Each structure stands twice: as C-alpha cells, then as structure tokens.
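Down below is the structure, laid out as structure tokens.
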Amino acid sequence: MLNEIQLSSYGQLSTKSSPVSRMMASFAVDFRDNCDINLGVGYVNEKTIPRNFIQEAQENVLLNPKKYRAALNYGGPKGSNNLKNSLRRFLIQNPDNGVEEKLLNSKEIIIGANGATSLLEALTHVLRRGIVITADPVYYIYCNFLERIGFQIMAIPEDEQGIRIDMLKEKVKSLGDKKHNIRFFDIVTVNNPSCTILSNERRQELITYATELSYNLGRKIPVILDKAYEGLVHDSTLPGLKSGFCYDTINTVYEIGTLSKILAPGLRIGYMIGEDNDFLKAMVQRVSDVGFSAALVNQEIASYMLDHHVSDQVKKVNAGYKSKAIQVKTWLDELLGTYLESYTGGQAGFYYYITFKTIETHDHSLFFKYLARITGNLDIDGTDDKKHPRVIYIPGTYCVHKSGELVEIGKRQLRLSYGFEDLNIIHTAIKYMKDACEHVMVNAN
Ligand SMILES: Cc1ncc(COP(=O)(O)O)c(C=O)c1O
C-alpha cells in the first residue's frame, strides 16, 4: 500500500481552486456565446488591444537585430534594457505623477517573469511570512494566494479616498506585540474590485504612517503600490495621481505596474520600481528561478510599442472605457436606482462596485439564483435544454475579507465589469438584474 504524494501546506490548500474560480468555472462549463453574459470577468475589452501595432512591432523587432538583440533567445532576469529605457521615458513623459528623471534614475526597474502577477508572487518568496496590510474590499485573487502561501491579511476598510488611515492606526494598535509580524503593505491604487482611487492626500498619509511604523518597529516596512489600473484613469476632471516616491523619505515605496490594461494582457509585461537593494536583488533572482525572464520578444515588442504608439493608445483605451462608464452609470441609475444604496467606480478601471439597500447578492441569494437561472421555477429558469440567458457577476462576499469589518455589507454588494462585454449586452444584463430585484422584492413580502 502506498500513501499519496506528500504535498506542502500550500499544495494541500491549492488542490481546490479558489471560491471565485470555482464559481466562474461552473458558469464557463456550459457558457453559451451570444446568450449568457459575463460581467464577472476582469478581461480587458478586446477592441482596446492594438493588434495591428503589435504586428508592426513584432516585425520591427525581428527585422532589427542590432537594436533588439537575440529577441527570440533567452533574456536576462533583470529585463530587457530597451524595455526598461522605454518605461523610464514613458513614466517621465507623464508630468502629473511628479516623477522627475533624477528621481527615477535613482531607482531600479525590474521586469516580472509573467506580468505584475508574477512580481506579486515573487514578493511572497523573498519577504518573511507574517501580516500583510491591504484595503477592504480586497483584491481577492492576490489575497487568496497570500493566505494559501501562509501570510495573514489585515484588511482595512476604505472610504472614497482609499484605505482609512484612522482605522489602520487603530487596528495596528490592537495587534499589541503582534505588530512585529507586519511584513508589508499591499495597496491597489485604483482598487480592484471597487475602483476607488487612492487620492494623493491619502497616499501621502499612508506613506507617512508606514514610515512612522517602520521607525516604531525598527525596520523598513515596504509599501507595495499595485498600480495595475493607474493608466486607466478616464475621468479627466480628476487631479493627476502622484507617484508614491514623492512622499517616501526612507526609500520604502515600491511600485508595481503592468502593460496588461493599456496594451495587452497577452504580452505578460509587468514591472516593479524601487530602491536597488537586497530586496530587489532577491526579486530578480526569483524572476530567474521561475523562468529566467519574461519572454524577451514580448519585452522588445512592448518597448517598441512604448516608443512609438503609447500615447495615442492610452488616449484611445481611456476614451473607450470612459464612454462605457458613463453609459453604464445611466443604466444603473435608471434601472437599479431604487434598489441601490451606493456604488463606486466609473472614473478609472472598468468596474462598478455596487451596494444594494436590502437585496443580497451572494451565491445562495435569490438574486444570484435568478440570474444563474437556478431558482427551480421554470418560468424564470427556462427548461434544462433551453435555459434563459444567465448573467454572472462577482458577489461582494468574495471581495470583502472574511475577518474584516465588511462581512455583513459584502452580502449586499457585487462587482460589475464593464470592460469585456459590449454595451448593448451590458444593458441587457442590467435589465435582467432589474428583473431579479423585482423578483426578490415580491418574494420577500
Ligand atoms: C490589482 C491587479 N493587480 C495586478 C493584476 C495583474 O496584472 P498582470 O496582467 O500584469 O499580471 C491585475 C489584473 O487584473 C489586477 O487587477
């Protein structure tokens, strides 16, 4: 008799995919194109992906081996110099972020093996296990991973400006001696799922507090700013967002960016910027350990794109999301307004995060069952061989942290993505949501 293969604790916890992945997978199994509607998926809109320019970039990279050396060979773990130089120019071009050439030149840029996600993963290998501080609602994909690999999450509710510093201070105080287990801050600057933008004032307060905490604990606590959606601020009335480096007096801020949202997720280009120290050296080694480097040809394509097309591309992408955000907002107000307590989003990224007054949205709720067509009522569901159109979204219960303050309100929340689906489809989905609300109200009385 042989025992089964011994798994690590992470391996054991990973045998089951996360609750969200399971829900999405069960929906995907029998997904019907042009019938079912996926407002849950975090995909970018296909129309924003500059296919022609990527084709042009690939040709130029391959035809110009002097500049783009050995693009189809292995790359180095620190990343392509062409790409890093292009990123530096791209970041300096944006006068709003307060990053001057001198400041940026004092920092190192590294390129992740496979998008920003691989850099977030790398952090967990090079930093000691312990407590990670983040904003609630949380970026559930990363937090789920952090917990499986052995970190604890301390999720602090956000308000309209981002993570609440008053509550953060209180919670750290309540940790007592356990505060020594705090390892890093992970803050998504345009939060996923809420699309709440971390304001400049709040950025400053956060970094000032992290600095105080670092002195208090006698060691630097890194502040990781995940800027995945910062290129997608499409409300032009907002003030420009400053880089965290502007407020950092002890070199403890690290910014993680990605080209997924403004160019194409398929290129898998993510980068991290920060002080060139042992932490960053270990991160570079992790890139090497996990796959030597990001595909060099993709790095060079990204470099070409940044050098030749990025400003028009960013304008185009944002114009598209902006018009969708405005239109979806009118439908939310018009069709769901009477049921809604509040919602965030619509200024950046491509999610609205909705809070209903009374209607519950979790996956056992009538609202969810109505939209998944699993109520048991044939008039609502349709028959097995002819189910009525289904709509999927991310319930708030998956977005709020299970031991945070938002557990109750999370039951009445959901994330709606206006990124992937076309507007007419989103309109249809919101109409179904209205029907679902009406059904819940009738059945509640
Ligand atoms: C907050 C956040 N960080 C990082 C990522 C992943 O970026 P990448 O595609 O570069 O791995 C995402 C993707 O949706 C995200 O929402």
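Residues 24 to 468 (the numbering used here) make up the sequence shown, in order.
Ideal Cβ placement from N, Cα and C applies to all residues, glycine included.
Quantities reported herein were computed from a predicted structural model and do not represent experimental measurements.
Residue state for residue 53 is assigned as coil, using DSSP reduced to three classes.
Remark: C-beta atoms of residue 424 and residue 218 do not approach each other more closely than 8 Å. For residue 274, the distance from the CB to the nearest heavy atom of ligand 1 is not below 7 Å.
Residue 288 sits close to residue 67, with the two beta carbons spaced by under 8 Å. The beta-carbon separation of residue 138 and residue 269, rounded to 26 Å, does not stay under the 8 Å limit for a contact. Residue selection by CB proximity (closer than 6 Å to any heavy atom of ligand 1) returns 65, 138, 139, 140, 162, 211, 215, 249, 251, 281, 283, 288 and 293 in chain order. Residues 153 and 154 of the same chain have their beta carbon placed closer than 6 Å to that of residue 204, with the five preceding and five following residues left out of the count.
Taken through DSSP and simplified to helix, strand or coil, residue 441 comes out as coil. The stretch 274-338 contains, as complete alpha helix (DSSP H) runs of 4+ residues, the segments 301-314 and 319-331 (chain order). Residue 174 sits in coil when the DSSP states are folded into three classes, being neither helix nor strand. Listed in chain order, the non-local C-beta contacts of residue 96 below 7 Å within the same chain comprise 319, local neighbours out to five positions each way being set aside.
Between residue 94 and residue 310, the beta carbon gap of about 18 Å keeps them out of contact (Cβ cut-off 8 Å).
In this model, residue 448 and residue 374 are separated by some 15 Å (Cα to Cα). Inter-residue distance for residue 386 and residue 89 is about 56 Å (C-alpha atoms, whole angstroms).
Distance from the Cα of residue 31 is smallest, within the candidate group 442, 437, 172 and 307, for 172. Distances from the CA of residue 417 to each of 160, 380, 324 and 256 were compared; the closest alpha carbon is that of 160. Boundaries for residue 264: no beta strand (DSSP E) harbours it, and the DSSP string shows neither H nor E there. Residue 435: not part of any alpha helix (DSSP H); DSSP gives it neither H nor E. Only buried fits residue 284, as 16 or more other CB atoms lie within 10 angstroms of its CB. Secondary structure at residue 417: strand, using DSSP grouped into helix, strand and coil. CA-to-CA, the gap between residue 326 and residue 102 works out to about 11 Å. In this structure, the beta-carbon distance from residue 212 to residue 261 does not fall below 8 Å.
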